[in-house]
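Just so we're on the same page, the working numbering is the position in the sequence shown counted from 1, plus 57.
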Amino acid sequence: MPSPGLGVLSPQQLGFGGLALYCFLGSVAVTSLVLLVVALIVIAYRLVLHPLARVPGPKIAALSNIWYAYHARNGRMLELGKTLHGRYGPMVRVGPNEVWFDSVDAFKHIYRAGSCYEKSEFYLSTALQRPDITFTPFPTFTSPETLDLLSERNTARYRLQRRLIGPLYQTNHLKRYEPALDAVLARVISTLRALDGKEIDLKEWMHIIAVESLSAVVISWSPNYLRDGTDHKSSSHGYQGWRRKSVFGLFPLAVKAELFSKAFGRTFANLWRVTYRTPKNFKPFFTGVYRQVSRRITNSLSGKPVPKNDRKDDFLTDLIQLHKDKPDFSEQYLRRMAITNFGAGHETMCSALTSIMSMIGSHADVQRRVSNEVRASPSDPKSYDNAVRLAYTQAAIKESQRLYPVLGMSLPRTVPPEGFTAHGHFFPGGTTVGCNPVSLHRNTSIFGPDAEEYNPDRWLDAERNVRGMERFNLTWGGGGRMCPGRHLAELVVYKTIPALMEHFDVQVTMPPEEEIEYYFMAMLTGVRARFLPKKTG
């Protein structure tokens, strides 16, 4: 028998162990080759053959959601919102199956009332409760039978819940809580006066105002943030949670896998470096809220006389009465809605107040005009009915929220089976589509050629299409999924801004924009401020 060629060993020479290693390395090589071929096929499909292949956008975004998640993790949503559409046009592919729009045409399709565009699986990451899972035979994930208005993906159930609670969230009903808010604002003004112009973290103090206001209105309680002069970093820790949700939401499979394995969730979070830990002695205000809500509901539904300390004229009392009057508003809905006022409200109000005070405080002429209007008011400027008549102040509020909205990422929806056409392109059913508020609110065809500028007068200019600016606005969500707590948030905001501007001159130091961290829930971070008491007389 001829000897093996140079460098080639016969099976006899390899031996059993060597043969096993040889086979293993061969299988690894074959597997690697197969995976490489599959990867190349997927890449080619997504770049060339996919229905979205001709939609403009970064090529790397077409391959995987990793590009999008990288920017979300780093808080770069403000930057993307301001630049992507300027570079690529009215539609931008930001993921293998996701497209952003900043146009009126797309807005009308996606967010119109009664549309069939369901919320996408992104909202699995924002849910307050784990979804229901059914196996048919593969697992199907649906919103649980609870009340989670942000994350509810069952539109029919959402509409039922909105109808049940709607009357309680109307402005005329909410105005009855003005005395409670006035008491909070009196404490706010007193506390800020005592600081005597000391520099503060604006976001933290707007969070203090938001939480104290919600606590007073909903459960006649205080977390003592004003007394302590700090929110004990609850806003910072909560905002880190939104960084995690923003990344996980772009990988629905990871959210689903975490339901079966918490270890997987921890590993995935560590991989993306979105894990955050709170100090051992950290006690979020939600602990106190939950105890108050749980005790009062249990006592009210026990059939026993309600203790004197629980006889409150607040929003929780109204929710309890709604449950008694309307059986469809179940006890589960009652408990969830009471907590949702805080879960959905405290960061939303904090974001709005921070952006408004940041913009007014960093534009001297705007601040002067707002202050003059507030102080010239013949009646109490912080009374809701008077506050909404302060035309320039209202314009400054709208303009601040236009440029720095509460939401920093697209409000994603799933295209229905029939698909839709926009900008000459057909988008098949199952495509994730949405408008990014940062982008939409800078569209010059809606807001004018100066859309990048802070100009409250745009809302007062009779020659502008103010109605169009108000319609194509995602400050409080889109179309039929408008935030149900909008009027409560506006009640707090519209009263707080005149109260602060009546008593203080505000000096604001804005950080470089590249240092501002914007996630799905978006806030102006790193803003420093001084509240200088106005001289009386």
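Even glycine gets a Cβ: it sits at the ideal position worked out from N, Cα and C.
Given the structure is predicted, the values throughout are model-derived calculations rather than measurements.
Considering only R538, L104, S457 and T411, the residue with the shortest C-alpha distance to D258 is T411.
Per DSSP, the unbroken beta strand (DSSP E) holding M148 starts and ends at M148 to G152. Membership of A586 in the beta strand (DSSP E) is indicated by the continuous run R585 to P590.
A distance below 6 Å between beta-carbons, with the five flanking residues on each side excluded, links C540 to the following residues of its chain, in chain order: W533 and G534.
As the crow flies, the alpha-carbon of D371 is around 15 Å from that of V268.
Here the alpha carbons of V87 and E404 stand approximately 52 Å from one another. For the set E510, V274, E527 and S247, the Cα lying nearest the Cα of V346 is the one of V274.
When rounded, the separation of the alpha-carbon atoms in S303 and Y511 is 27 Å.
Taking 9 Å as the cut-off, the Cβ atoms of V156 and F484 count as close. Contact annotation, R470 with V490: C-beta distance approximately 6 Å; criterion of less than 8 Å satisfied. Residue range T489 to C492 is occupied by the beta strand (DSSP E) that includes G491. L531 has its alpha-carbon roughly 16 Å from the corresponding atom of Y575.
At least 9 Å separates the beta-carbon of G152 from that of R300. Spanning the alpha carbons of I222 and S121 requires a straight line of approximately 40 Å. Boundaries of the beta strand (DSSP E) harbouring D562: F561 to T566, taken from the DSSP string. Between V350 and L373, the CB-CB gap stays under 9 Å. Between P494 and P462, the gap from beta carbon to beta carbon is short of 9 Å. Residue burial annotation: C492 is buried, with at least 16 other C-beta atoms found within 10 angstroms of its C-beta. The C-alpha of Y551 lies about 9 Å from the C-alpha of T450. In the structure shown, Y125 falls within a helical segment according to DSSP collapsed to helix, strand and coil.
Cβ-Cβ distances below 8 Å link K116 to L104 in the same chain, with the five nearest sequence neighbours on each side left out; the list follows chain order. Exposed is the label assigned to I190, since fewer than 16 other Cβ atoms lie within 10 Å of its Cβ. For L307, same chain residues with a beta-carbon under 8 Å away, outside a window of 5 residues either side, are N122, Y125, A126, A129, G152 and F179 in chain order. Taking C-beta atoms as the reference points, F588 and V563 count as a pair closer than 9 Å. Cβ contact annotation for I377 (same chain, cutoff 6 Å, sequence separation greater than five): S357, in chain order. Straight-line measurement puts the Cα of N327 at about 17 Å from the Cα of Y296. From the listed residues H482, P506 and T566, the smallest Cα separation to P147 is found for H482. Q424 and L207 have their C-alpha atoms roughly 34 Å apart.
Looking at the DSSP output, H482 sits in a beta bridge with A479.
By DSSP's assignment, L464 forms a beta bridge with M578. Between F305 and S182, the C-beta gap is smaller than 9 Å, which places the two residues in contact. Rounded to the nearest angstrom, the Cβ distance from L271 to G402 is 5 Å, consistent with a contact under 8 Å.
Counting along the chain, the unbroken beta strand (DSSP E) around F158 starts and ends at E155 to F158. With respect to A395, I246 sits apart: the two C-beta atoms are not nearer than 9 Å.
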